[in-house]
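Taking the working numbering, the leading residue of the sequence shown gets 1200, the next gets one more, and so forth. The C-beta atom is built at its ideal place from N, Cα and C for all residues, glycine as well. Everything numeric in this text was worked out from a predicted model, so none of it was measured. See below for the structure under consideration.
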Amino acid sequence: MKQPAQQSMSRARKEQEQTMLQSGSYPDDIGLLPDTFVLPRNPRERYSWSIRKKWLYTRFFEWISMFQLRFSTPKPRPRLQKALLPALAQDLHTRMLTAFAAGDLSPIAPKLSQGILTSLKSRLATREPNTSTSWHLLATLSSPKLVSYKPVVLPTSSKDKKLQYENWNVQATVRLHTRQSLQNVKKSMKRRERGTMVEEVTVLGKPEVKEVVEYVVLQKVVRKGKTGEWGLWGFAEEMTVARMKRDEARKAKSAAQGALAG
(Lines of atoms letter the chains of each structure in order from A and count residues from 1; the text may use other names and numbers.)
(Lines give C-alpha, C1' and ligand atoms only; values in the text may rest on other atoms or scores of the structure.)
Protein backbone atom coordinates (compact mmCIF):
# COMPACT_ATOMS: atom_id res chain seq x y z
CA MET A 1 0.00 0.00 0.00
CA LYS A 2 2.99 2.34 0.37
CA GLN A 3 4.01 2.22 -3.28
CA PRO A 4 1.29 4.62 -4.59
CA ALA A 5 2.26 7.21 -1.97
CA GLN A 6 5.91 6.96 -3.01
CA GLN A 7 4.92 7.42 -6.64
CA SER A 8 2.85 10.47 -5.69
CA MET A 9 5.74 11.99 -3.73
CA SER A 10 8.08 11.30 -6.65
CA ARG A 11 5.74 13.04 -9.08
CA ALA A 12 5.38 15.96 -6.68
CA ARG A 13 9.15 16.37 -6.43
CA LYS A 14 9.48 16.27 -10.21
CA GLU A 15 6.77 18.91 -10.56
CA GLN A 16 8.50 21.13 -7.98
CA GLU A 17 11.84 20.74 -9.77
CA GLN A 18 10.22 21.57 -13.11
CA THR A 19 8.58 24.68 -11.63
CA MET A 20 11.93 25.72 -10.17
CA LEU A 21 13.68 25.25 -13.50
CA GLN A 22 11.06 27.24 -15.37
CA SER A 23 11.04 30.12 -12.87
CA GLY A 24 14.81 30.22 -12.49
CA SER A 25 14.50 30.60 -8.71
CA TYR A 26 16.56 28.42 -6.38
CA PRO A 27 16.58 28.20 -2.58
CA ASP A 28 19.86 29.25 -0.99
CA ASP A 29 19.79 26.40 1.53
CA ILE A 30 19.51 23.01 -0.15
CA GLY A 31 21.20 21.11 2.69
CA LEU A 32 24.69 19.68 2.97
CA LEU A 33 25.88 19.05 -0.57
CA PRO A 34 25.99 15.39 -1.66
CA ASP A 35 29.24 13.47 -1.15
CA THR A 36 30.74 16.03 1.22
CA PHE A 37 33.61 13.91 2.52
CA VAL A 38 35.68 14.55 5.65
CA LEU A 39 38.51 12.12 6.34
CA PRO A 40 38.29 10.57 9.84
CA ARG A 41 41.05 11.21 12.37
CA ASN A 42 41.00 7.62 13.61
CA PRO A 43 44.12 6.10 11.90
CA ARG A 44 42.49 2.70 11.45
CA GLU A 45 39.68 4.20 9.41
CA ARG A 46 41.64 7.10 7.92
CA TYR A 47 43.94 4.70 6.07
CA SER A 48 41.26 2.13 5.25
CA TRP A 49 41.32 1.44 1.50
CA SER A 50 37.54 1.83 1.18
CA ILE A 51 37.71 5.25 2.87
CA ARG A 52 40.71 6.37 0.83
CA LYS A 53 39.16 5.20 -2.44
CA LYS A 54 35.95 7.12 -1.76
CA TRP A 55 37.91 10.20 -0.66
CA LEU A 56 40.01 10.18 -3.85
CA TYR A 57 36.85 9.75 -5.91
CA THR A 58 35.13 12.74 -4.31
CA ARG A 59 38.26 14.91 -4.46
CA PHE A 60 38.65 14.20 -8.17
CA PHE A 61 35.14 15.44 -8.92
CA GLU A 62 35.58 18.39 -6.55
CA TRP A 63 38.57 19.51 -8.65
CA ILE A 64 36.52 19.19 -11.84
CA SER A 65 33.71 21.25 -10.27
CA MET A 66 36.18 23.90 -9.09
CA PHE A 67 37.59 24.18 -12.61
CA GLN A 68 34.07 24.58 -14.05
CA LEU A 69 33.14 27.16 -11.42
CA ARG A 70 36.29 29.17 -12.09
CA PHE A 71 36.32 29.02 -15.89
CA SER A 72 32.80 28.10 -17.13
CA THR A 73 30.72 30.57 -15.14
CA PRO A 74 29.73 33.72 -17.08
CA LYS A 75 31.97 36.73 -16.43
CA PRO A 76 32.73 38.20 -13.96
CA ARG A 77 33.73 34.73 -12.79
CA PRO A 78 33.81 33.96 -9.06
CA ARG A 79 37.10 33.45 -7.28
CA LEU A 80 37.61 30.34 -5.17
CA GLN A 81 39.08 32.28 -2.19
CA LYS A 82 40.35 29.07 -0.60
CA ALA A 83 43.18 30.79 1.30
CA LEU A 84 40.72 33.08 3.11
CA LEU A 85 38.34 30.38 4.32
CA PRO A 86 40.11 28.89 7.38
CA ALA A 87 40.32 32.27 9.14
CA LEU A 88 36.81 33.22 8.04
CA ALA A 89 35.39 29.94 9.39
CA GLN A 90 37.00 30.52 12.79
CA ASP A 91 35.76 34.10 12.92
CA LEU A 92 32.14 33.24 12.05
CA HIS A 93 32.19 30.26 14.41
CA THR A 94 33.41 32.43 17.30
CA ARG A 95 30.88 35.17 16.59
CA MET A 96 28.03 32.67 16.33
CA LEU A 97 28.78 30.91 19.63
CA THR A 98 29.37 34.20 21.43
CA ALA A 99 26.02 35.54 20.21
CA PHE A 100 24.24 32.28 21.04
CA ALA A 101 25.68 32.22 24.55
CA ALA A 102 24.53 35.81 25.11
CA GLY A 103 21.04 34.94 23.85
CA ASP A 104 21.05 37.50 21.03
CA LEU A 105 21.60 36.18 17.51
CA SER A 106 20.89 39.46 15.71
CA PRO A 107 24.59 40.45 15.24
CA ILE A 108 25.41 37.20 13.38
CA ALA A 109 22.00 36.29 11.88
CA PRO A 110 22.73 37.71 8.38
CA LYS A 111 25.74 35.39 8.13
CA LEU A 112 23.87 32.20 9.10
CA SER A 113 21.91 29.83 6.90
CA GLN A 114 18.20 29.57 7.57
CA GLY A 115 18.59 26.03 8.88
CA ILE A 116 21.16 26.72 11.61
CA LEU A 117 19.53 30.05 12.51
CA THR A 118 16.19 28.30 13.08
CA SER A 119 17.90 25.59 15.16
CA LEU A 120 19.69 28.11 17.39
CA LYS A 121 16.51 30.14 17.91
CA SER A 122 14.67 26.97 18.89
CA ARG A 123 17.35 26.13 21.46
CA LEU A 124 17.23 29.65 22.87
CA ALA A 125 13.46 29.34 23.27
CA THR A 126 13.94 26.35 25.59
CA ARG A 127 16.27 28.16 27.98
CA GLU A 128 14.99 28.79 31.47
CA PRO A 129 13.95 32.42 32.12
CA ASN A 130 16.69 34.78 33.31
CA THR A 131 19.46 32.30 32.51
CA SER A 132 22.30 32.68 30.08
CA THR A 133 25.73 31.31 29.29
CA SER A 134 29.17 32.77 28.80
CA TRP A 135 31.25 31.17 26.04
CA HIS A 136 34.97 31.77 25.49
CA LEU A 137 37.54 30.54 22.99
CA LEU A 138 40.51 29.72 25.23
CA ALA A 139 42.98 28.45 22.64
CA THR A 140 43.39 27.36 19.05
CA LEU A 141 45.17 24.01 19.36
CA SER A 142 45.96 23.62 15.66
CA SER A 143 45.61 25.87 12.66
CA PRO A 144 42.19 25.86 10.97
CA LYS A 145 42.35 23.66 7.88
CA LEU A 146 40.26 23.53 4.73
CA VAL A 147 39.29 19.85 4.27
CA SER A 148 36.64 20.05 1.55
CA TYR A 149 35.66 22.51 -1.18
CA LYS A 150 32.57 21.47 -3.11
CA PRO A 151 30.87 23.52 -5.84
CA VAL A 152 27.64 22.10 -7.27
CA VAL A 153 26.04 23.57 -10.38
CA LEU A 154 22.25 23.74 -10.15
CA PRO A 155 20.08 22.27 -12.90
CA THR A 156 18.53 24.49 -15.53
CA SER A 157 16.15 24.03 -18.44
CA SER A 158 18.20 26.38 -20.64
CA LYS A 159 19.99 24.87 -23.65
CA ASP A 160 22.40 27.81 -23.78
CA LYS A 161 25.76 26.47 -22.56
CA LYS A 162 26.68 29.81 -21.03
CA LEU A 163 23.52 29.87 -18.90
CA GLN A 164 23.99 26.29 -17.74
CA TYR A 165 26.80 27.39 -15.43
CA GLU A 166 25.35 30.57 -13.91
CA ASN A 167 23.76 29.07 -10.76
CA TRP A 168 25.86 27.35 -8.09
CA ASN A 169 25.90 26.41 -4.43
CA VAL A 170 29.44 26.27 -3.04
CA GLN A 171 30.29 24.75 0.34
CA ALA A 172 33.68 24.65 2.04
CA THR A 173 34.38 22.59 5.17
CA VAL A 174 37.01 23.80 7.64
CA ARG A 175 38.37 21.81 10.57
CA LEU A 176 38.64 23.75 13.85
CA HIS A 177 40.58 22.29 16.80
CA THR A 178 40.07 24.47 19.86
CA ARG A 179 39.74 24.60 23.62
CA GLN A 180 36.50 26.25 24.75
CA SER A 181 34.83 27.13 28.02
CA LEU A 182 31.14 27.43 28.82
CA GLN A 183 29.79 28.99 32.01
CA ASN A 184 26.14 29.03 33.06
CA VAL A 185 24.93 32.24 34.67
CA LYS A 186 21.65 33.53 36.12
CA LYS A 187 20.49 37.10 35.82
CA SER A 188 18.19 38.89 38.23
CA MET A 189 17.15 42.46 38.98
CA LYS A 190 17.94 43.86 42.43
CA ARG A 191 16.67 47.08 43.97
CA ARG A 192 19.24 49.35 45.58
CA GLU A 193 18.64 51.52 48.61
CA ARG A 194 17.66 54.55 46.52
CA GLY A 195 15.18 52.50 44.55
CA THR A 196 17.21 52.05 41.37
CA MET A 197 17.16 48.63 39.73
CA VAL A 198 20.41 46.94 38.72
CA GLU A 199 21.10 43.62 37.00
CA GLU A 200 22.87 41.07 39.13
CA VAL A 201 24.68 38.13 37.52
CA THR A 202 25.21 34.93 39.51
CA VAL A 203 27.67 32.32 38.31
CA LEU A 204 26.24 28.79 38.45
CA GLY A 205 28.85 26.13 39.13
CA LYS A 206 32.28 25.86 37.53
CA PRO A 207 33.01 26.61 33.87
CA GLU A 208 33.02 23.58 31.58
CA VAL A 209 36.26 23.39 29.61
CA LYS A 210 36.47 21.12 26.56
CA GLU A 211 38.87 20.33 23.74
CA VAL A 212 36.75 20.23 20.59
CA VAL A 213 37.28 19.28 16.93
CA GLU A 214 34.53 20.69 14.72
CA TYR A 215 33.96 20.81 10.97
CA VAL A 216 32.41 24.14 10.06
CA VAL A 217 30.66 24.35 6.71
CA LEU A 218 30.73 27.71 4.92
CA GLN A 219 28.50 28.43 1.96
CA LYS A 220 28.13 30.97 -0.81
CA VAL A 221 25.72 30.96 -3.73
CA VAL A 222 26.02 32.13 -7.32
CA ARG A 223 22.75 33.21 -8.91
CA LYS A 224 22.56 34.26 -12.54
CA GLY A 225 26.31 34.80 -12.50
CA LYS A 226 26.28 37.05 -9.42
CA THR A 227 28.32 35.77 -6.47
CA GLY A 228 27.07 36.17 -2.91
CA GLU A 229 29.11 36.40 0.29
CA TRP A 230 30.33 33.50 2.39
CA GLY A 231 28.19 32.58 5.38
CA LEU A 232 28.06 29.81 7.96
CA TRP A 233 25.84 26.94 6.78
CA GLY A 234 26.34 24.53 9.68
CA PHE A 235 28.51 21.56 10.58
CA ALA A 236 29.69 18.32 8.96
CA GLU A 237 30.86 15.04 10.46
CA GLU A 238 33.82 12.79 9.79
CA MET A 239 33.22 9.88 7.46
CA THR A 240 33.36 6.36 8.89
CA VAL A 241 33.25 2.96 7.19
CA ALA A 242 29.89 2.20 8.83
CA ARG A 243 28.39 5.52 7.74
CA MET A 244 29.73 5.10 4.21
CA LYS A 245 28.01 1.71 3.96
CA ARG A 246 24.75 3.21 5.24
CA ASP A 247 24.95 6.03 2.70
CA GLU A 248 25.58 3.60 -0.15
CA ALA A 249 22.67 1.39 0.96
CA ARG A 250 20.40 4.44 1.17
CA LYS A 251 21.39 5.54 -2.34
CA ALA A 252 20.75 2.06 -3.73
CA LYS A 253 17.33 1.94 -2.07
CA SER A 254 16.45 5.40 -3.36
CA ALA A 255 17.52 4.45 -6.89
CA ALA A 256 15.42 1.29 -6.74
CA GLN A 257 12.36 3.22 -5.53
CA GLY A 258 12.88 5.79 -8.28
CA ALA A 259 12.99 3.04 -10.90
CA LEU A 260 9.77 1.52 -9.55
CA ALA A 261 8.09 4.91 -9.46
CA GLY A 262 8.94 5.45 -13.10
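#1: Between the segment 1415-1427 and the segment 1264-1284, do at least 3 Cβ pairs fall closer than 8 angstroms?
#2: For Thr1377, list the residues DSSP reports as bridge partners.
#3: Taking the beta carbon of Phe1236 as the centre, do at least 16 other beta carbons fall within 10 Å, making it buried, or is it exposed?
#4: Is Thr1372 closer than 8 angstroms to Thr1339 when the C-beta atoms are compared?
#5: So, at 8 angstroms on beta carbons, what are the nonlocal neighbours of Leu1337 in its own chain, with the 5 sequence-adjacent residues on each side left out?
#6: Run through the DSSP bridge pairs and tell me what Phe1434 is partnered with.
#7: Compute the beta-carbon to beta-carbon distance between Gln1289 and Pro1233, rounded to the nearest angstrom, for a pair I have assumed lies under 8 angstroms.
#8: Quick one: give me the first and last residue of the alpha helix (DSSP H) that Ile1229 is part of.
#9: DSSP three-state call for Trp1248: helix, strand or coil?
#10: Does the beta-carbon of Asn1368 have 16 or more other beta-carbons within 10 angstroms, so that it is buried, or is it exposed?
#11: If you run the structure through DSSP and keep just helix, strand and coil, what is Thr1332?
#12: Is the separation between the beta-carbon of Glu1447 and that of Tyr1414 shorter than 8 angstroms?
#13: With His1335 and Leu1431 assumed to form a contact (beta carbons below 8 angstroms), what rounded beta-carbon distance in angstroms separates them?
#14: Counting along the chain, where does the alpha helix (DSSP H) carrying Thr1235 start and finish?
#15: If you count every other CB in all the chains shown that lies within 10 Å of the CB of Lys1450, and 16 or more means buried, which is it?
With the structure as the only source:
#1: yes
#2: Translated into positions along the sequence shown, residue 1377 becomes position 178. The partner list for Thr1377 (beta bridge, DSSP) reads Thr1339, Val1411.
#3: Here residue 1236 is taken as the residue at index 37 of the sequence shown, counted from 1. Result: buried.
#4: Reading the sequence shown from its first residue, position 140 is the one you call residue 1339. Reading the sequence shown from its first residue, position 173 is the one you call residue 1372. Not in contact: Thr1339 and Thr1372 (Cβ atoms no closer than 8 angstroms).
#5: Here residue 1337 is taken as the residue at index 138 of the sequence shown, counted from 1. Cβ neighbours of Leu1337 beyond the five flanking positions: Thr1377, Arg1378, Gln1379, Ser1380, Val1408.
#6: Within the sequence shown, residue 1434 is the residue found at index 235, counting from 1. Paired residue(s): Val1415.
#7: For the purposes of this step, residue 1289 is taken as the residue at position 90 of the sequence shown. For the purposes of this step, residue 1233 is taken as the residue at position 34 of the sequence shown. About 26 angstroms; that fails the 8 angstroms criterion.
#8: On the sequence shown, position 30 is the one that residue 1229 refers to. From DSSP, Ile1229 is part of no alpha helix (DSSP H); its letter is neither H nor E.
#9: In the sequence shown, the residue the question calls residue 1248 occupies position 49. If DSSP states are grouped into helix, strand and coil, Trp1248 belongs with the helices.
#10: Position 169 of the sequence shown, counted from the first residue, corresponds to residue 1368. Asn1368 should be labelled buried.
#11: Within the sequence shown, the letter at position 133 stands for residue 1332. DSSP places Thr1332 in strand when its eight states are reduced to three.
#12: One-based indexing of the sequence shown puts residue 1447 at position 248. One-based indexing of the sequence shown puts residue 1414 at position 215. No, they are not a contact pair.
#13: By one-based count along the sequence shown, residue 1335 stands at place 136. By one-based count along the sequence shown, residue 1431 stands at place 232. That belief does not hold up - the Cβ atoms of His1335 and Leu1431 are roughly 19 angstroms apart, past 8 angstroms.
#14: As a position in the sequence shown, residue 1235 is number 36, starting the count at 1. That residue, Thr1235, is in no alpha helix (DSSP H); it is neither H nor E in DSSP.
#15: By 1-based counting over the sequence shown, the position of residue 1450 is 251. It counts as exposed.
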